[in-house]
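> Going by the numbering used here, the sequence shown opens with residue -13, and the numbers climb by one from there. Beta carbons: idealized from backbone N, C-alpha and C, even for Gly. Sharing a structure here in structure tokens format.
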Amino acid sequence: MSLIDTYGRRINYLRLSVTDRCNLRCSYCMPEEGVEKLGHCEMLSYEDLLRISAEAVAAGIEKIRVTGGEPLVRKGIVDFLARLAALPGLKELVLTTNGLLLKEMAQGLKDAGVQRLNISLDSLKPEIFATVTRGGELQRVLDGIEEAERVGFPPHKINVVVMRGVNDDEILDFAALTLKRPYAVRFIEYMPTSGDADWRDLTVPGAEIRERIAREYEIEESSNTERSGPSKNFRIKGAPGSLGIITAMTGHFCDGCNRLRVTASGVAKGCLFSGEGVDLKPVLATGDAELLRQEIRRIVAAKPGRHEVTDEGSETKPFAMSRVGG
């Protein structure tokens, strides 16, 4: 089975949020005071999340990335991941985490069948990390990364949201990580999810990021896999690791978008910026698996050709990234 949208894109990647809760309050993800948490009755049960995943895989999804908030704060997450990993037809199960709980949970995640980790890490300087995350402890994340390597996870993807005047002076420091370890470091352009009018002042264009690295190092292109995300990949010549840039704002990658999102409250979105999305809870309440699969196909068919955030005169309704799942 394949999921093909009206623009001919093959949709084979589901980002599945299991919680809106997080143990950090990153400045680009949520307001300082946090967000109003979903009630337990609003959040999907693991059973419902598993039903959605099973029908999505049956319809053509091959890769699931489990996200949050911070997915590791939800009680019972390891058992859920083991059930998810056992879905017939699922080719890739990955998880995005901020790494704070990774030291304690890495072995359980590996045993459950998680194949790879994406780790959000926006600074290598303790004081800047604490500022961006509003109180996070960098060393805990670094210890978690080390433990995940020790238990046998393959080289991690390290996600860095680049913000001018905040952490853009660390671009070369992050690039240098790939000279020592086979990490895949991904630089992500800052996005206006909070509705801030001056978001362009914080956004460092991907072309500038690449140019800064190329001034210091000789670089060469590297290719994406079929189920990989929208990163434009390259590497420092001779480095064991790789680099990538996700140009969400300055360079549309919408024509190659292969993903579908489902939030912890059961809202499906064809695009991060596609408004309210479609509430799957009424369909889940029917208990009809075929109806749920049809609804997934319908959402894919309605997936927009591109987002309009950078268009002249467009307005982005503010939302907390923790509610959507990154």
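(1) Could you please give me the residues that DSSP links to D265 through a beta bridge?
(2) Can you list the alpha helix (DSSP H) stretches of 4 or more residues lying completely in the region 204 to 232, in chain order?
(3) Taking the CB atoms as reference points, tell me whether G242 and K255 lie closer together than 7 angstroms.
(4) Quick one: what's got a C-beta closer than 6 angstroms to R150's C-beta in the same chain, skipping five residues either side?
(5) Excluding sequence positions up to five away, which residues of its chain have a Cβ less than 8 angstroms from the Cβ of A44?
(6) List, from N- to C-terminal side, the alpha helix (DSSP H) runs of 4 residues or more that fit wholly inside the region 5 to 90.
(7) What is the C-beta distance between Y(-1) and N244, in whole angstroms, given that I count them as a contact (C-beta under 8 angstroms)?
(8) According to DSSP, is T164 helix, strand or coil?
(9) Could you pull out every residue in the same chain whose Cβ sits closer than 7 angstroms to the Cβ of T296, ignoring the five residues on either side in sequence?
(10) Contact check, G114 vs I157 under 8 angstroms by CB: the rounded distance?
(11) Using DSSP with H/G/I as helix, E/B as strand and the rest coil, what is I(-3)?
(12) Would you decide whether R1 is buried or exposed? Buried here means 16 or more other CB atoms lie within 10 Å of its CB.
(13) Three or more C-beta pairs closer than 8 angstroms, one from the region 67 to 81 and one from the region 49 to 59: is that the case here?
(14) Can you tell me whether K143 is helix, strand or coil according to DSSP?
(15) The alpha helix (DSSP H) spanning R120 covers which residue range?
(16) Grab me the residues of P141's own chain with a C-beta within less than 6 angstroms of its C-beta, minus the 5 sequence neighbours each way, in chain order.
(17) Buried or exposed: where does R320 fall if 16 or more other Cβ atoms within 10 Å of its Cβ makes it buried?
(18) Around the C-beta of K289, are 16 or more other C-beta atoms found within 10 angstroms, so that it is buried, or is it exposed?
(19) Return helix, strand or coil for A170, following the three-state DSSP convention.
(20) Excluding five sequence neighbours on each side, which residues of the same chain lie with their C-beta closer than 8 angstroms to the C-beta of R(-5)?
(21) Do you know how far the Cα of A271 is from the Cα of S109?
(22) Would T(-8) and A193 be called neighbours here (beta carbons separated by less than 7 angstroms)?
(23) If you follow the alpha helix (DSSP H) that L107 is part of, which residue opens it and which one closes it?
(24) If we count Cβ pairs, one from each stretch, closer than 8 angstroms, do we get three or more for the region 123 to 139 versus the region 91 to 103?
(25) Does R150 come out as helix, strand or coil in the three-state DSSP assignment?
(26) Alpha carbon to alpha carbon, how far is K267 from I205?
(27) Nearest-angstrom Cα distance between D129 and A162?
(28) Look at the alpha carbon of L277 and the alpha carbon of L(-11), and state the distance between them as a whole number of angstroms.
(29) Check T189 in the structure and name its three-state DSSP category.
(30) Comparing C-alpha positions only, which one of R201, E33, C8, E281 sits nearest to K23?
(31) From the DSSP output, in three-state form, read off V248 for me.
(32) What are the partner residues of S3, as DSSP defines its beta bridges?
(33) In three-state terms, what does DSSP make of M(-13)?
(34) Nearest to I(-3) by alpha carbon, out of L246, I231, V269?
Here's the rundown:
(1) Translated into the one-based positions of the sequence shown, residue 265 becomes position 279. Beta-bridge partners of D265 (DSSP): V253.
(2) Qualifying alpha helix (DSSP H) stretches: none in this window.
(3) What you label residue 242 is simply residue 256 of the sequence shown in a count that begins at 1. What you label residue 255 is simply residue 269 of the sequence shown in a count that begins at 1. With contacts defined by Cβ atoms closer than 7 angstroms, G242 and K255 do not form a contacting pair.
(4) In the sequence shown, counting from the first residue as 1, residue 150 sits at position 164. L188, V190, listed in sequence order.
(5) Walking along the sequence shown from the start, residue 44 turns up at place 58. So the qualifying residues of the chain are M(-13), G75, R279.
(6) Given a length threshold of 4 residues, each whole run of the alpha helix (DSSP H) inside the region 5 to 90 is given here in chain order: 32 to 45, 63 to 71.
(7) As a working mapping, residue -1 is identified with position 13 in the sequence shown. As a working mapping, residue 244 is identified with position 258 in the sequence shown. About 5 angstroms separates the CB atoms of Y(-1) and N244; that is less than 8 angstroms, so the two are in contact.
(8) Here residue 164 refers to the residue found at position 178 of the sequence shown. In the three-state DSSP reduction, T164 falls in the helix class (H, G or I).
(9) The residue you call residue 296 lines up with position 310 of the sequence shown. Residue placement at T296 is poorly supported in this model, since its pLDDT is 49, which falls under 50; the coordinates still yield a value, given next. Hits under 7 angstroms: M235.
(10) Taking the first residue of the sequence shown as position 1, residue 114 is located at position 128. Taking the first residue of the sequence shown as position 1, residue 157 is located at position 171. The identity of residue 114 in the sequence shown is Ile, whereas the question assumes Gly. Contact check for I114 and I157: beta-carbon distance about 13 angstroms, past the 8 angstroms limit, so the pair fails to qualify.
(11) To locate residue -3, count along the sequence shown from 1; it is residue 11. It is coil, neither helix nor strand.
(12) Looking up residue 1 in the sequence shown gives position 15. Counting Cβ neighbours within 10 Å, R1 comes out buried, since at least 16 surround it.
(13) Yes, they touch.
(14) Looking up residue 143 in the sequence shown gives position 157. The DSSP-derived three-state label of K143 is strand.
(15) Here residue 120 corresponds to residue number 134 of the sequence shown, with the count starting at 1. Segment: none, R120 is in no alpha helix (DSSP H) and carries neither H nor E.
(16) On the sequence shown, residue 141 is found 155 positions in, with the first residue counted as 1. Excluding positions up to five away in sequence, the list reads P168, Y169.
(17) In the structure as shown, the chain begins at -13 and stops at 312. Residue 320 is therefore absent and cannot be evaluated.
(18) In the sequence shown, counting from the first residue as 1, residue 289 sits at position 303. In the assembly as shown, K289 is a buried residue. Its beta-carbon has 16 or more other beta-carbons within 10 Å.
(19) Taking the first residue of the sequence shown as 1, we reach residue 170 at position 184. Strand at A170.
(20) Position 9 of the sequence shown, counted from the start, is the residue given in the question as residue -5. In its chain, beyond the 5 residues on either side, D241, G242, C243, N244, K289 have a beta carbon closer than 8 angstroms to the beta carbon of R(-5).
(21) Within the sequence shown, residue 109 is the residue found at index 123, counting from 1. Within the sequence shown, residue 271 is the residue found at index 285, counting from 1. Taking the straight line from one Cα to the other gives about 43 angstroms.
(22) Within the sequence shown, residue -8 is the residue found at index 6, counting from 1. Within the sequence shown, residue 193 is the residue found at index 207, counting from 1. No.
(23) Residue mapping note: residue 107 aligns to position 121 of the sequence shown, counting from 1. Neither: L107 is in no alpha helix (DSSP H) and is coded neither H nor E.
(24) With a cut-off of 8 angstroms, the region 91 to 103 and the region 123 to 139 count as touching, because enough Cβ pairs lie within range.
(25) Against the sequence shown, residue 150 aligns to sequence position 164. Note: R150 maps to coil in three-state DSSP.
(26) In the sequence shown, counting from the first residue as 1, residue 267 sits at position 281. In the sequence shown, counting from the first residue as 1, residue 205 sits at position 219. Spanning the alpha carbons of K267 and I205 requires a straight line of approximately 48 angstroms.
(27) If you number the sequence shown from 1, residue 129 lands on position 143. If you number the sequence shown from 1, residue 162 lands on position 176. Cα-Cα distance, rounded: 19 angstroms.
(28) Numbered from its first residue, the sequence shown carries residue 277 at position 291. Numbered from its first residue, the sequence shown carries residue -11 at position 3. Taking C-alpha positions only, L277 is separated from L(-11) by approximately 16 angstroms.
(29) Counted from its first residue, the sequence shown places residue 189 at position 203. Under the three-state reduction of DSSP output, T189 falls in the strand class.
(30) Working through the sequence shown from its first residue, we reach residue 23 at position 37. Cα-wise, what sits closest to K23 is C8.
(31) Here the question's residue 248 lines up with position 262 in the sequence shown. Of the three classes helix, strand and coil, the one that applies to V248 here is strand, per DSSP.
(32) Translated into the one-based positions of the sequence shown, residue 3 becomes position 17. DSSP, once it has assigned bridges, lists T53 as partnering S3.
(33) Locating residue -13 in the sequence shown gives position 1, where the first residue counts as 1. Reduced to three states, the DSSP call for M(-13) is coil.
(34) The residue labelled residue -3 in the question sits at position 11 within the sequence shown. The residue with the shortest Cα to Cα distance from I(-3) is L246.
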